[in-house]
Amino acid sequence: MSIKSDNWIRKMAEQHGMIEPFAPQQVKENGTGRIVSYGVSSYGYDIRCANEFYIFTNINSAIVDPKNFTEESFVPIKSDICIIPPNSFALARSVEYFRIPRNVLTICLGKSTYARCGIIVNVTPLEPEWEGHVTLEFSNTTPLPAKIYANEGIAQMLFLESDEECAVSYKDRNGKYQGQTGVTLPKA
């Protein structure tokens, strides 16, 4: 496997629709000033967070059970910012829609701007032939409320290309998160 460069990412996005919408270079400003950057970087792509959030709450004293998950554990909001309570987390989705090639595995890592504030981004790998909006999890590890900005950079995708195609892709397995749009909660 080899990690792919900015030129490969541009080619795959422009010719094969791997990332939509696509920013072919780093965007660091919008009409209101500096933002957390997004777009193509040297060896990855910095994705943005959409303005749809699910903030974790325990007002119902629910047990978090991945096999029997209830939406009652979250408060949905639509906003340009999300305030995550201390020692809690929120779910969101990427602005970008991904179509991962059959011979590529994609790894997501948080951006240092947020990590240095105690905000950890967790995303499982995007498997070969997975497609959809990425559901993002933000953990606020601090004892203070933490702010996330919609439509700005939040995490970086790294693309690892294999010399051969996998025998069975996520699409072949009919993966339960295939083609997801919006924030997708756990499915058993």
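Residue numbers for the sequence shown, in our numbering: 524 to 711. Cβ coordinates follow ideal geometry from the N, Cα and C atoms, glycine included. These figures come from a predicted structure and were not determined experimentally.
Q.
Based on DSSP bridge pairs, tell me the residues matched to Ser-617.
A. One-based indexing of the sequence shown puts residue 617 at position 94. DSSP lists Cys-572 as partners of Ser-617.
Q) Which residue comes first and which comes last in the beta strand (DSSP E) that contains Lys-670? A) Counted from its first residue, the sequence shown places residue 670 at position 147. Start and end: 669-672.
**Q.** Beta carbon proximity, Glu-650 to chain B, threshold 7 Å
**A.** In summary, chain B is missing from the structure at hand, where a single protein chain is found.
Q | Gln-538 - DSSP class collapsed to helix/strand/coil | A | Here the question's residue 538 lines up with position 15 in the sequence shown. Looking at Gln-538 - three-state DSSP - the assignment turns out to be helix.
Q | DSSP bridge partner residues for Pro-599 (one or two, in chain order) | A | If you number the sequence shown from 1, residue 599 lands on position 76. Here Pro-599 is bridged, per DSSP, to Tyr-577.
(Q) Which same chain residues end up closer than 8 Å to Gln-549 when comparing Cβ atoms and leaving out the 5 residues on each side of it in sequence? (A) Within the sequence shown, the letter at position 26 stands for residue 549. These residues qualify, in order along the chain: Ser-560, Tyr-561, Gly-562, Val-563, Ser-564, Asp-569.
Q | CA nearest to the CA of Thr-664, picked from Ala-573, Ala-613, Ser-528 | A | Within the sequence shown, residue 664 is the residue found at index 141, counting from 1. Ala-613 is the residue among Ala-573, Ala-613, Ser-528 whose C-alpha sits nearest the C-alpha of Thr-664.
Q. Should Lys-534 and Glu-684 be called a contact, given that it needs their Cβ atoms to be closer than 7 Å?
A. For this step, residue 534 is matched to residue 11 along the sequence shown. For this step, residue 684 is matched to residue 161 along the sequence shown. Not closer than 7 Å, so no.
Q.
My output table needs one value for Tyr-637: the three-state DSSP class, helix, strand or coil.
A. On the sequence shown, position 114 is the one that residue 637 refers to. Helix.
Q: Decide if the stretch 567-581 is in contact with the stretch 593-611; the criterion is three or more beta carbon pairs, one per stretch, under 8 Å apart.
A: Enough Cβ pairs lie closer than 8 Å, so yes.
Q) Is there contact here, the stretch 701-711 with the stretch 635-647, by at least three beta-carbon pairs under 8 Å? A) Taking 8 Å as the limit for Cβ pairs, the verdict is that the stretch 635-647 does not touch the stretch 701-711.
Q: Would you identify the three-state DSSP class for Asn-530, choosing helix, strand or coil?
A: Here residue 530 refers to the residue found at position 7 of the sequence shown. Note: Asn-530 maps to helix in three-state DSSP.
Q: Check Glu-652 in the structure and name its three-state DSSP category.
A: Numbered from its first residue, the sequence shown carries residue 652 at position 129. Coil.
Q) Can you pull the DSSP bridge partners for Arg-622? A) In the sequence shown, counting from the first residue as 1, residue 622 sits at position 99. According to DSSP, which records beta bridges pairwise, Arg-622 is partnered with Glu-654.
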